[in-house]
Amino acid sequence: MTLPSESVDIETWRRLYAAAEHVHKLAPWTWMRETDVFGIQFPDNGEFGYVSVMGANGVHYAVTVYLGHDTLHTFGDIQSRPMGSGVPEDVLELPQLMASFEDRDMLEKEDRDVIKTLGLRYRGRNNWPMFRSYRPGFYPWFLDRNEAENLAVALEQTLCMAMRLEDAPKLLDTDSPQIIFVRERRGSEWVDSTLTLPPPEPVSLTFKVERSQIAALKALPRDTRAAEVDFFIAPTGVTEPGKRPTLVYLLMAVEPKSYFILGSEPMQATDGLARMWEEIPARLVSLLVQARFFPAEIRIASPKLHPMLASILQELGIALKVSPTLPGMEDAKREMWKYLTGKTR
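Below, the structure written as structure tokens:
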């Protein structure tokens, strides 16, 4: 099996692990918060990454580089949400590079092979460097050469910035939240700069449902019961030899009184998140037609689903309610997780 990590030369690996070791020894999470973000303009392509240090809560020690302006906007939106309202998709859907410090059993054989080749030794909990690339629609994966080089740059700049921030905690403060402190290379030197963050690129979604499917649902007798609906990442994905593993999302509907699963629709984001989201209304209508269930109300817990379903449900005369909990859905998820993984969720 050919892995992207095989394209990374040994000197880049050596540089990456050396920078990670220095970060771990410095432990910047003892004085930096996850929201103490600064930018880096990558020398190879001029694009921007935004560095965040995690670990202040003592749970997960890592340096993450969020890739691109829009990703930073999304990160800010996630940070502004109420505590505990996040979901796994929040992290997996953000393009990013991450250097984390894990227990040995969290590493794959490929990680341990690189460590062995470099002649490095690590012991104990939260001491083993692990490097991953995150792309929307896919599982975290090994770095390719360009990603490894950019992450090495980010870790080196993290060392520089962390030491400065220890002495000057307000270094990243600017006149506006939209003005970001940035490090950029001019010639052979790295210098301080600022960037006015451009507004996020608008995401235009077009929802289409076949009129025949709408008619088929309307032809069913209207039920007085509700349906709980959720859209989430399944416990198992799709793995093909030599390719990055793909996430599988599930659109699921459950009848809340009986906990009966009305149906589920597997979906993938290999053509992008927006294209997948556009399919959700049509997939839900198809699911309800197949289940021969025309509910009086649809209950959702994710606010993200609301704009995707509001128009079609209004046309169908189905009430849409955002609920803090979906008991039937949570029971179905637990059983599915246990069936597919052999573990409790």
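Mapped onto the numbering used here, the consecutive letters of the sequence shown carry residue numbers 2 to 346.
Ideal Cβ placement from N, Cα and C applies to all residues, glycine included.
Check whether the Cβ atoms of residue i and residue j sit closer than 7 Å, and answer yes or no.
{"i": "phenylalanine 76", "j": "asparagine 151", "result": "no"}
{"i": "isoleucine 181", "j": "glycine 69", "result": "no"}
{"i": "tryptophan 129", "j": "leucine 156", "result": "no"}
{"i": "proline 282", "j": "valine 230", "result": "no"}
{"i": "leucine 271", "j": "glycine 120", "result": "First, the amino acid is wrong: residue 271 is threonine here, not leucine. For threonine 271 and glycine 120, no; Cβs fall outside 7 Å."}
{"i": "tyrosine 140", "j": "glycine 243", "result": "no"}
{"i": "phenylalanine 9", "j": "threonine 159", "result": "In the sequence as presented, phenylalanine is not what sits at residue 9; that position holds valine. No; because the gap between Cβ atoms is not below 7 Å, this pair is not in contact."}
{"i": "proline 349", "j": "threonine 342", "result": "It is not possible to answer for residue 349, since the shown part of the chain is limited to 2 through 346."}
{"i": "glutamate 266", "j": "leucine 248", "result": "no"}
{"i": "glycine 264", "j": "alanine 297", "result": "no"}
{"i": "aspartate 104", "j": "arginine 126", "result": "yes"}
{"i": "methionine 1", "j": "aspartate 114", "result": "Within the shown structure, residues of the chain are numbered from 2 to 346, placing residue 1 beyond reach of any answer."}
{"i": "methionine 33", "j": "valine 54", "result": "yes"}
Tell me the DSSP secondary structure of residue i in three-state form.
{"i": "arginine 223", "result": "strand"}
{"i": "leucine 364", "result": "The structure shown has nothing for residue 364, since the chain only spans 2 to 346."}
{"i": "glutamate 256", "result": "strand"}
{"i": "aspartate 174", "result": "coil"}
{"i": "arginine 113", "result": "helix"}
{"i": "glycine 329", "result": "helix"}
{"i": "leucine 306", "result": "helix"}
{"i": "proline 130", "result": "strand"}
{"i": "proline 267", "result": "strand"}
{"i": "alanine 169", "result": "coil"}
{"i": "methionine 2", "result": "The pLDDT assigned to methionine 2 is 36, lower than 50, so where the model puts this residue is not dependable, and the model offers no usable value."}
{"i": "isoleucine 313", "result": "helix"}
{"i": "lysine 334", "result": "helix"}
{"i": "alanine 100", "result": "strand"}
{"i": "alanine 292", "result": "helix"}
{"i": "proline 279", "result": "Before going on, a small fix: residue 279 reads as glutamate here, not proline. Glutamate 279 falls in the helix class under three-state DSSP."}
{"i": "threonine 207", "result": "coil"}
{"i": "aspartate 145", "result": "coil"}
{"i": "leucine 248", "result": "coil"}
{"i": "leucine 321", "result": "strand"}
{"i": "glutamate 94", "result": "coil"}
How big is the Cα-Cα spacing for residue i and residue j?
{"i": "threonine 31", "j": "glycine 56", "result": "8 Å"}
{"i": "valine 255", "j": "proline 201", "result": "35 Å"}
{"i": "glycine 188", "j": "glutamate 48", "result": "17 Å"}
{"i": "alanine 217", "j": "phenylalanine 261", "result": "22 Å"}
{"i": "valine 204", "j": "arginine 136", "result": "18 Å"}
{"i": "alanine 20", "j": "aspartate 145", "result": "17 Å"}
{"i": "tyrosine 340", "j": "alanine 220", "result": "35 Å"}
{"i": "methionine 1", "j": "aspartate 71", "result": "Only positions 2 to 346 of the chain appear in this structure, which leaves residue 1 out of reach."}
{"i": "lysine 322", "j": "glycine 329", "result": "15 Å"}
{"i": "phenylalanine 295", "j": "isoleucine 301", "result": "16 Å"}
{"i": "arginine 223", "j": "threonine 175", "result": "57 Å"}
{"i": "arginine 16", "j": "serine 194", "result": "25 Å"}
{"i": "methionine 2", "j": "alanine 169", "result": "Only weak support exists for where methionine 2 lies, its pLDDT of 36 falling under 50; the value from the coordinates is given anyway. Each residue's Cα considered, the two are about 48 Å apart."}
{"i": "tryptophan 338", "j": "phenylalanine 232", "result": "15 Å"}
{"i": "phenylalanine 102", "j": "glutamate 316", "result": "50 Å"}
{"i": "tyrosine 51", "j": "lysine 171", "result": "17 Å"}
{"i": "leucine 314", "j": "arginine 212", "result": "14 Å"}
{"i": "glutamate 331", "j": "proline 257", "result": "10 Å"}
{"i": "leucine 173", "j": "alanine 228", "result": "48 Å"}
{"i": "isoleucine 299", "j": "arginine 122", "result": "54 Å"}
{"i": "threonine 13", "j": "alanine 275", "result": "35 Å"}
{"i": "glycine 1", "j": "valine 286", "result": "There is no way to answer for residue 1, as the model of the chain reaches only from 2 to 346."}
{"i": "lysine 117", "j": "aspartate 45", "result": "29 Å"}
{"i": "threonine 197", "j": "glycine 273", "result": "27 Å"}
Using 8 Å for Cβ pairs, my map puts residue i next to residue j. What's the rounded Cβ distance?
{"i": "isoleucine 234", "j": "leucine 93", "result": "7 Å"}
{"i": "alanine 163", "j": "proline 29", "result": "4 Å"}
{"i": "arginine 245", "j": "tryptophan 142", "result": "5 Å"}
{"i": "leucine 98", "j": "glutamate 35", "result": "Rounded, the Cβ-Cβ distance is 16 Å, inconsistent with contact."}
{"i": "valine 64", "j": "alanine 100", "result": "5 Å"}
{"i": "tryptophan 278", "j": "leucine 206", "result": "6 Å"}
Complete beta strand (DSSP E) runs within the region 9-84 (minimum length 3 residues, chain order): 39-42, 49-55 and 62-68
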